[in-house]
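>
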Amino acid sequence: MHNKRLPLAGVRVVDFCWVTAGPMATRNLADFGAEVIKLESRTRVDLVRGYPPLSEGKTGLNVSGPFNNYNRNKLGITLNIGHPRGRDIVKRLVSISDVVSDNFTPGTMSKWGFDYERLREIKPDIIVLSMPVMGNNGPRRSFGGYGMGIAAAAGITYITGSPRRMPVGIGTAYPDAGPNPRHAAIAVLAALHYRNRTGKGQHIELAQYESTICFTGTAVLDYTVNQRVQSRMGNRLPYAAPHGAYRCKGDERWCVIAVFNEEEWRSFCQVIGNPPWTTEEKFATLLRRKENEDELDHLVEEWTRQRTAEEVMMSMQRAGVAAGVVQNGQDLLEKDEQLRFRGHYVYMEHPEAGRIAHDNVPCKLSATPGVLRRPAPILGQDNEYVYGDLLGMTEDEMNQCYVDGVFD
417 MHNKRLPLAG
427 VRVVDFCWVT
437 AGPMATRNLA
447 DFGAEVIKLE
457 SRTRVDLVRG
467 YPPLSEGKTG
477 LNVSGPFNNY
487 NRNKLGITLN
497 IGHPRGRDIV
507 KRLVSISDVV
517 SDNFTPGTMS
527 KWGFDYERLR
537 EIKPDIIVLS
547 MPVMGNNGPR
557 RSFGGYGMGI
567 AAAAGITYIT
577 GSPRRMPVGI
587 GTAYPDAGPN
597 PRHAAIAVLA
607 ALHYRNRTGK
617 GQHIELAQYE
627 STICFTGTAV
637 LDYTVNQRVQ
647 SRMGNRLPYA
657 APHGAYRCKG
667 DERWCVIAVF
677 NEEEWRSFCQ
687 VIGNPPWTTE
697 EKFATLLRRK
707 ENEDELDHLV
717 EEWTRQRTAE
727 EVMMSMQRAG
737 VAAGVVQNGQ
747 DLLEKDEQLR
757 FRGHYVYMEH
767 PEAGRIAHDN
777 VPCKLSATPG
787 VLRRPAPILG
797 QDNEYVYGDL
807 LGMTEDEMNQ
817 CYVDGVFD
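For the working numbering, count along the sequence shown from 1 and bump the result up by 416.
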């Protein structure tokens with residue numbers, strides 16, 4: 417099952433992770449060749465198997481777009497960890513694996529007998545990745561949650577939106593798809609490198625709350641040093657003007673424009689035809705433009721509303737001014753030339769979901785590129801390979817496990 421061209425070929429991961437942040441972390445490892453074995457139970461399937469969008473006209477546990485995107489390149493087995501023989505099988509899997517991963521509330525793995533100390537007894541050099549929301553210790557250790565709640569706790573929601581309105585949040589579970597899986601995957605790579613040098617394993621505790629705070633920019637430092645609480649700025653920045661999302665021709669079409677210095681301001685003015693207002697004293701410097709930003713934004717939008725978002729973006733970019741269309745899903749999949757050029761979306765055929773789009777491997781490595789090798793597993797798809805080929809169970813033993821509910 418290994419692709420020897422890939423850098424993580426030969427690394428095996430026993431993956432307890434579910435929902436989003438954990439599965440996306442282990443997907444990064446699978447994309448580069450790790451053999452990731454995803455554990456589920458028929459009575460406790462990954463919640464994301466029910467998340468929309470589902471393949472058109474189809475229902476069931478194997479046709480969720482998000483699940484199939486987060487779990488491509490993985491193997492999938494069903495196992496009842498509440499059954500004593502189920503726990504024995506986990507121990508056998510750990511004994512032939514390199515990494516064990518979970519994103520449960522603290523205490524869950526210990527309840528089953530799979531805390532780090534007991535896993536080390538099974539395999540002394542095992543690497544264990546734990547991704548609790550608030551860490552394994554402290555007064556908030558029992559707090560669970562998902563990406564939206566983590567974003568709010570970390571302060572991202574508070575600093576997102578208009579200063580004249582309540583926080584609006586970021587519209588997506590950003591911590592689940594951004595900082596937390598990336599930090600986790602890099603930490604596992606560092607632990608593998610450390611083990612290669614020393615022969616020792618590690619326990620990685622990645623508190624998702626702390627990991628997300630890293631992506632709040634200067635907010636924590638600003639408060640620590642200056643006792644200043646950052647708040648919502650809308651689409652503005654203190655060191656750029658114009659800087660915003662401007663309405664364009666069409667229904668809910670917008671383009672972002674960002675002007676950071678005087679050279680870009682002159683280029684911007686040239687693009688919009690150097691109307692008389694651009695030479696007025698109140699717009700002569702960045703400081704004056706910031707002082708009159710409401711009026712400036714209104715004047716900019718008078719120009720953008722007469723043009724498509726794509727026209728605005730291209731004309732600005734050709735002049736060296738940062739600009740980008742505010743894209744919807746169709747734009748991203750069908751119209752974005754940059755994503756198309758980089759092969760960002762890759763289509764694979766899934767046995768039940770059909771042909772579906774996947775985010776391609778984001779890191780473009782020249783000698784050891786990641787690759788999409790296989791679609792996400794149907795529930796229990798790889799039981800025969802894992803239990804038979806890897807663990808050496810006979811057909812009769814496996815059949816008995818089905819009868820006794822071990823493989824439920």
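Each residue gets a CB set at the ideal place from its N, CA and C atoms; glycine is no exception.
Please classify Y677: is it buried, with 16 or more other beta-carbons within 10 angstroms of its beta-carbon, or exposed?
Position check: residue 677 holds Asn in this sequence, whereas Tyr was assumed. It is exposed - the Cβ of N677 has fewer than 16 other Cβ atoms within 10 Å.
> Taking the alpha carbon of V716 as the point to measure from, which residue in Q733, T701, P691 and E697 has its own alpha carbon closest?
Checking every option, the nearest Cα to that of V716 belongs to P691.
> Determine, using beta carbons only, whether G476 and I543 come nearer to each other than 8 angstroms.
Not in contact: G476 and I543 (Cβ atoms no closer than 8 angstroms).
> Exposed or buried, which one is G514 when buried takes at least 16 other CB atoms within 10 Å?
Correcting the residue type first, residue 514 is Asp in the shown sequence and not Gly. With 16 or more other Cβ atoms within 10 Å, it is buried.
> Starting from the C-beta of A773, find all residues in its chain whose C-beta is less than 6 angstroms away, skip the five residues before and the five after it, and write them out in chain order.
Cβ within range, chain order: Y761 and Y763.
> Ordered along the chain, which non-local residues of its own chain (more than five positions away) have a Cβ less than 7 angstroms from that of E813?
There are no such residues.
> Going by C-alpha distance, which of K698, I673, F699 and A700 is nearest V687?
Looking at the Cα atoms, I673 is the closest of the given residues.
> Span of the beta strand (DSSP E) holding K454?
Looking at the DSSP string, the run of the beta strand (DSSP E) that includes K454 is E451 to E456.
> Would you kindly work out how many angstroms separate the C-alpha atoms of L455 and A567, rounded to a whole number?
Using only the alpha carbons, I get a separation of about 27 angstroms.
> Do A437 and M547 have their beta-carbon atoms positioned less than 8 angstroms apart in this structure?
Yes, these two residues count as a Cβ contact at 8 angstroms.
> Beta-carbon separation of V464 and V435 under 8 angstroms?
Yes. Within cutoff.
> Could you tell me the distance, in whole angstroms, from the CA atom of I575 to the CA atom of G585?
Their Cα atoms are separated by approximately 8 angstroms.
> When the Cα atoms are used, what is the spatial distance from N776 to T695?
Their Cα atoms are separated by approximately 46 angstroms.
> With 16 other CB atoms within 10 Å as the buried threshold, where does P658 fall?
Answer is buried; the Cβ neighbour count reaches 16.
> The alpha helix (DSSP H) that contains R663, what's its start and end?
Not the alpha helix (DSSP H): R663 falls in the beta strand (DSSP E), residues H659 to R663.
> Considering V687, what are the terminal residues of the alpha helix (DSSP H) in which it resides?
Its alpha helix (DSSP H) spans residues E678 to V687.
> Excluding the five sequence neighbours on either side, which residues of its own chain have a C-beta within less than 6 angstroms of the C-beta of T628, listed in chain order?
So the list reads I566, A570, P591 and P595, once near-sequence residues are dropped.
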